[in-house]
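For the sequence shown, our numbering begins at 95 and goes up steadily by one.
Here is the structure we will look at, set down as structure tokens.
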Amino acid sequence: MVDKISGNLTRKNAEAAQSGPATPYSFSMLYFEATRRCNLSCAMCMTGSNDKQRVRESKPKELTADEIYHRVLVPAKKLNTVAVVWSGGEFLVRRDAFELLRMATDLGMRSNVCSNCKKLNRKVLERIRDATDGRGTIAVGINALDDSNRETRDAEVDRTLEVLESCKELGLSRHVIVTLGKFNTDTFDKTVQYLVDNDISYNRAPFVPRGSGHGCWEAARFTREDLQDHFHPVLRAHVNGYVSYTPYFLAPEVHASISGGARSNTVPRNPSIGCWCGHWLTVNAEGDVSVCPVLVDSLSAGNVRDAPLDQLVNDSELFATITDRSKLKGKCGRCRYQYTCGGCRAMALYHNGDYMGEDPTCFFEPKDKTTVSEFEEETNRRFKQYTLIAACSGLYRRPDPKR
Ligand code: SF4
Ligand code: SF4
95 MVDKISGNLT
105 RKNAEAAQSG
115 PATPYSFSML
125 YFEATRRCNL
135 SCAMCMTGSN
145 DKQRVRESKP
155 KELTADEIYH
165 RVLVPAKKLN
175 TVAVVWSGGE
185 FLVRRDAFEL
195 LRMATDLGMR
205 SNVCSNCKKL
215 NRKVLERIRD
225 ATDGRGTIAV
235 GINALDDSNR
245 ETRDAEVDRT
255 LEVLESCKEL
265 GLSRHVIVTL
275 GKFNTDTFDK
285 TVQYLVDNDI
295 SYNRAPFVPR
305 GSGHGCWEAA
315 RFTREDLQDH
325 FHPVLRAHVN
335 GYVSYTPYFL
345 APEVHASISG
355 GARSNTVPRN
365 PSIGCWCGHW
375 LTVNAEGDVS
385 VCPVLVDSLS
395 AGNVRDAPLD
405 QLVNDSELFA
415 TITDRSKLKG
425 KCGRCRYQYT
435 CGGCRAMALY
445 HNGDYMGEDP
455 TCFFEPKDKT
465 TVSEFEEETN
475 RRFKQYTLIA
485 ACSGLYRRPD
495 PKR
């Protein structure tokens, strides 16, 4: 079945997949949790892969390769998606993992393979490189470089670093995801310094009460003070990761002039910054569609078995609302950075139950839209440096001065 689908992927089909009805959206990335199955058992796994019953229930409902191609990947092209982040559980436990990578490659999309590294030997890395025509990225999770990593991830950090080294030798791009919580307030600066020194891109993900995170949410979540004193100073000092964190104090007029006014609905693009809702979209193993990986089991725009991904998104009230930053409430709604930051929608939902509410972890207190952050100038400067890096990874294109 899978071979047949791959075999049918002609250039003509791929081109047809790109055309479609006009959409107000432009998603650079599709984050696809292709399975909840995993060969490790991380204590805080957000997909609940360490919950045997959850995994047992999910297995028969997992999207097949045929459904992934027709209901997810081809429609994702119509939403202007340029890259697929293949995640899990452990994506590589799927027997059709390499065929799925090939499908995305033949549709002209780049692939980022998220893995816990257990299966990533040299041979597997080479197969990933081949299936992505050399344009794949390996993304791994590291929450700390010392033994405390084991508190949140069931993986030896030395093994993860070894894999990153092999990727370098094989010419595969490397990326690290760092989950932020109480558990790494004191080590985050060292982790980021290591990544910067080794030229490895990274992004932060907030720890949330999704999946197995429910049980330790109160104890493990970071506070506003943790963000202000520990995480934010490190995030704003470096530009070799995606700018996908909040608060983000970029002057709206600076983004407007550098981006040429590009938007995904009302979310800034070219490059994307602040909260990434509206920049990426997420599908879970059973086919539910959402606005962000950490929100996927809580907020749904429908299931791809009922309608293809592009139709669900274009008709979705959830997407229309969350990507309309003029509707943000509380201090995010009266903030100068309402548009360029947007506040973390996951923090708003998980702390206060309203995904359009203010981000309660933000330490900025705007009186109204004239209040300027003391970090704005620094943010503007770093953002301009970031566009140079974003241009190399295809996330930024200098606007045409004639248009
Ligand atoms: S809700 Fe926005 S800021 Fe929060 S994790 Fe998701 S994309 Fe990032
Ligand atoms: S108040 Fe909201 S929009 Fe303003 S900086 Fe804080 S999180 Fe961002």
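The C-beta atom is built at its ideal place from N, Cα and C for all residues, glycine as well.
Check	Outcome
Considering only the beta carbon of each residue, do residue 336 and residue 329 sit closer than 7 Å?	no
Can you tell me whether residue 431 sits near ligand 2, meaning its C-beta is under 6 Å from at least one heavy atom of the ligand?	yes
Three-state secondary structure (DSSP) at residue 487?	coil
Nearest to residue 428 by alpha carbon, out of 408, 459, 413?	459
Alpha carbon to alpha carbon, how far is residue 494 from residue 287?	36 Å
In this structure, how does DSSP classify residue 356 when only helix, strand and coil are distinguished?	coil
Where are the alpha helix (DSSP H) runs, 4 residues long or more, that stay fully inside the region 424–449, in chain order?	424–427, 439–446
Can you tell me whether residue 417 is buried or exposed? The criterion is at least 16 other CB atoms within 10 Å of its CB, across all chains shown.	buried
Using DSSP's beta-bridge definition, name the partner residues of residue 362.	357
Quick one: does the C-beta of residue 461 sit closer than 6 Å to a heavy atom of ligand 4?	What this structure holds is ligand 1 and ligand 2, not ligand 4.
In terms of residue numbering, what span does the alpha helix (DSSP H) encompassing residue 371 cover?	Here residue 371 belongs to no alpha helix (DSSP H), and DSSP marks it neither H nor E.
What number of angstroms, rounded off, separates the C-alpha of residue 500 from the C-alpha of residue 144?	Here the chain comprises residues numbered 95 to 497, so residue 500 is not present and cannot be evaluated.
Starting from residue 297, trace the beta strand (DSSP E) both ways and give me its first and last residue.	295–300
Nearest to residue 470 by CA position, among 149, 492, 443, 434, is which residue?	434
Report the residue from 461, 307, 321 whose alpha carbon sits nearest the alpha carbon of residue 298.	321
Can you tell me which of 465, 266, 371, 274 puts its alpha carbon nearest to the alpha carbon of residue 227?	266
Give the secondary structure of residue 472 by DSSP, where H, G and I count as helix, E and B as strand, and everything else as coil.	helix
Using only the alpha-carbon positions, how far apart do residue 311 and residue 149 sit?	21 Å
Where does residue 332 fall in DSSP's three states?	coil
Would the beta-carbon of residue 453 be found less than 6 Å away from any heavy atom of ligand 2?	yes
Is DSSP giving residue 382 helix, strand or coil here?	strand
Given 6 Å as the limit, tell me if residue 439 has its C-beta closer than that to any heavy atom belonging to ligand 1.	yes
Assuming residue 295 and residue 334 make a contact with CB atoms under 8 Å, what is their CB distance in whole Å?	6 Å
In chain order, which continuous runs of the alpha helix (DSSP H) of length 4 or greater are located wholly inside the region 125–159?	146–152
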